[in-house]
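Be aware that the sequence shown starts at 5, since it is given in the working numbering, and climbs by one per residue.
Backbone N, C-alpha and C define an ideal beta-carbon position, used for all residues, glycine too.
Being a predicted model, the structure only gives us computed values, none of them experimental.
Report on the structure given below.
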Amino acid sequence: MNYVDRRIEEVVQMTENIFGDNGTAYIFTADHGMTDWGSHGSGSTDETETPLIAWGAGINAFNIRHNIEQVDITPLISSLIGAPIPINSEGVLPWEYLNVTNLKYINHALLNNLKQLTHQVKANCKMNCENNEFTDWRERELDMKISTLNKHFETEDSNETLKEIVDAIKLAKKSLLYFRQYQRTRFLIYLSIMWLGWITLLFLKISGSRRPVVHSFTLLIVDIVFPILLITTFIEHKVSGCGNWRLPSYAFLAIISSWLAIRSTITYSIKLKVYNSKYYWTMIAETIVLLATMFVGLTYRSALSIGMLCATFAQRVVLKDASNLFLWTALSLAVFPLLPVVEPYPRIYIVLLSVCVVLATVTLKIQSKNRKIAETFRLIITGLTYLEFVDGRSWISWLILLTTPLYIFTYPTQLKKRMQGIVLGLFCPLVLLSASYEPFFFIFLALHLSCWPQWNMISIQRHKNTKNLLTIEELLIAAILVSFLRENKKMFNSLWLLSTIMINIPEQFIIDVIYIVVFLWNWQYGKY
């Protein structure tokens, strides 16, 4: 901060020496705030609030703190340099920052700001297709205020004019917020119906059993009603004269999704098979608790530890013959959500210790001499790059990244061996993105998942034996898997970040590829 202050002083002195007219205004701000240790990705006050310091020509030296929104900086700069406010700006000119000795200019700038915001209100109203026949009262009110101010701008008292313009700008901001949120409720309803129908459809297709008797008349009614709803929605939108097809498109998807879900409900039925009636209500309660902790974990990260402990208990109920390694690694994973997400200083020794642990594992466990040499070389290069003995900003990082899938593909397709290859292959890129305990989290997760295949195959065999009947155990397993995904989100984000930064692939494409891989895996090895 002292360094930045000195550079700013040099820039100001150089500018004043060149122009020498004291006619320059200076604004110091930032795109985001930051904590003392450099974090800016959370929602804390330090990370969301930004500094704004203005001084120089045209600035009012009131020397007190005056909070504004970040979007208000644009009209402030425009007014200082005498340029029109950008038409798409939604900021309000913080006129208190301007020198009040020129109150007439402030009123002119605020009036232009009001006209520009009124244009935004009309554009948003038109986008929502609400002005086809009648003008909204908010638009009429703003137009009337602008017309009145234009007529009496020169004759009225400047202070009174200032007050009227400020009140009109407040109305414009409220109107803009109204039209911005006008269709939000309908969008949320359509999205909820669409996803609920899609989930119901998949659930019935995967786990439902076909009803012995299907009422064809009911199906016929459903097949007639829903196309009529689609046609009615289409005609209603065309008659309205609205050119925005965004909301009707969501409505079409919601109707189609609910149509398919209702047809599946009529055709299929869910029958739960209980293998262990003794723990029937226990497993249902555990499933509900896991879902609740995932929801609470969105706000309170420590709730994920409770969810992991519940998952460990649930695994003990479902998989009685689980190894001690399975349970101890599960308990270890419950500790990680309690650790700080961002620390003031990187703990290099923890990362290097994880590299040593994996290096020892490779030396002792891998039988193939070629694989042992290749992985040892990758780990050593990764460690040297992390310690900055090797410059990783050039071809070294590309080498580590590109050899990762190649290294994984050299492993056979047997589940245990392929999992070993995936873990060792992804470990090196993850180390380069780590600052503390992240590699150890990955190690414990790998050890924990390595104990799953036997449980997976047992559940699949039970699924086949019950002729597609759903079991309470499988519902609990699904909840455990989803809780794992929620707790391990940070690691997945790191891998996505590596892909999007180093090979410039859009994140949505990465997500789609993951979905396809999971689908193909489930198609071959199981249905959940």
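Q: State buried or exposed for K178, treating a residue as buried only when at least 16 other CB atoms are found within 10 Å of its CB.
A: Walking along the sequence shown from the start, residue 178 turns up at place 174. Residue burial annotation: K178 is exposed, with fewer than 16 other C-beta atoms found within 10 angstroms of its C-beta.
Q: Give the range of the alpha helix (DSSP H) segment to which A29 is assigned.
A: Taking the sequence shown and counting its residues from 1, the one referred to as residue 29 is at position 25. Unbroken run through A29 is the beta strand (DSSP E), 29-33; no alpha helix (DSSP H).
Q. With distances taken from CA atoms, which of W399, D395, I384 is nearest F431?
A. Looking up residue 431 in the sequence shown gives position 427. The option with the nearest alpha carbon to F431 is I384.
Q: Following the continuous alpha helix (DSSP H) through W59, name the residue where it begins and the one where it ends.
A: The sequence position of residue 59 within the sequence shown is 55, counting from 1. Element bounds for W59: not the alpha helix (DSSP H) but the beta strand (DSSP E), 56-60.
Q | DSSP three-state assignment for S273, whether helix, strand or coil | A | For the purposes of this step, residue 273 is identified with residue 269 of the sequence shown, where counting begins at 1. Note: S273 maps to strand in three-state DSSP.
Q) Looking only at C-alpha atoms, which of T204, I228, R142 sits nearest to S262? A) The count along the sequence shown starts at 1 and reaches residue 262 at position 258. Here the closest residue by C-alpha is T204.
Q: Kindly indicate if chain D contains any beta-carbon less than 7 Å away from that of G60.
A: Protein chains in the displayed structure number just one, and chain D is not present.
Q. From R188 to Y194, what does the alpha carbon distance come to, in whole angstroms?
A. By 1-based counting over the sequence shown, the position of residue 188 is 184. By 1-based counting over the sequence shown, the position of residue 194 is 190. Straight-line Cα distance between these residues: approximately 10 Å.
Q | Nonlocal neighbours in the same chain, by C-beta distance under 8 Å from M506, ignoring five residues either side | A | For the purposes of this step, residue 506 is taken as the residue at position 502 of the sequence shown. Unreliable placement is indicated for M506, whose pLDDT of 38 sits below 50; no coordinate value is reported for it.
Q: In the DSSP assignment, find the alpha helix (DSSP H) that holds L428 and state where it starts and stops.
A: Translated into the one-based positions of the sequence shown, residue 428 becomes position 424. L428: member of the alpha helix (DSSP H) spanning 419-436, first to last residue.
Q) Between A450 and V427, what straight-line distance do the alpha-carbon atoms span, to the nearest angstrom? A) Looking up residue 450 in the sequence shown gives position 446. Looking up residue 427 in the sequence shown gives position 423. For the pair A450 and V427, the Cα-to-Cα distance works out to about 7 Å.
Q | Buried versus exposed, by CB contacts within 10 Å (16 or more), E13 | A | One-based indexing of the sequence shown puts residue 13 at position 9. Exposed, because fewer than 16 other Cβ atoms sit within 10 Å of the Cβ of E13.
Q: Below 8 Å CB to CB, which residues in the same chain sit around N163 once its five sequence neighbours on both sides are set aside?
A: Reading the sequence shown from its first residue, position 159 is the one you call residue 163. Cβ neighbours of N163 beyond the five flanking positions: L107.
Q: For L329, collect the residues of the same chain with a Cβ closer than 7 Å to its Cβ; drop the 5 residues on either side in sequence, then sort them by chain order.
A: Along the sequence shown, read from residue 1 onward, the residue named residue 329 stands at position 325. Here the set comprises L451, C455.
**Q.** Expected contact under 8 Å - CB spacing of L118 and A176 to nearest Å
**A.** Position 114 of the sequence shown holds residue 118. Position 172 of the sequence shown holds residue 176. About 6 Å separates the two Cβ atoms, so the contact holds.
Q. DSSP beta-bridge partners for R190?
A. Counting from one through the sequence shown, the residue named residue 190 turns up at place 186. Answer is none; R190 lacks a bridge partner.
**Q.** S213 in three-state terms, based on DSSP
**A.** If you number the sequence shown from 1, residue 213 lands on position 209. If DSSP states are grouped into helix, strand and coil, S213 belongs with the strands.
Q. Taking DSSP as the reference, what is the three-state secondary structure of I63?
A. Here residue 63 refers to the residue found at position 59 of the sequence shown. In the structure shown, I63 falls within a strand segment according to DSSP collapsed to helix, strand and coil.
Q: Just the C-alpha distance for G60 and V243, rounded to the nearest angstrom, thanks.
A: By 1-based counting over the sequence shown, the position of residue 60 is 56. By 1-based counting over the sequence shown, the position of residue 243 is 239. G60 and V243: Cα-Cα distance of roughly 57 Å.
Q: Using alpha carbons as the reference points, say which of I91, Y411, F32, I292 lies closest to I377.
A: On the sequence shown, residue 377 is found 373 positions in, with the first residue counted as 1. Selected option, being the one with the closest Cα: Y411.
Q) So, using beta-carbon positions, are L294 and I259 closer together than 7 Å? A) Residue numbering aside, residue 294 sits at position 290 when the sequence shown is read from its first letter. Residue numbering aside, residue 259 sits at position 255 when the sequence shown is read from its first letter. Cβ atoms of L294 and I259: not closer than 7 Å.
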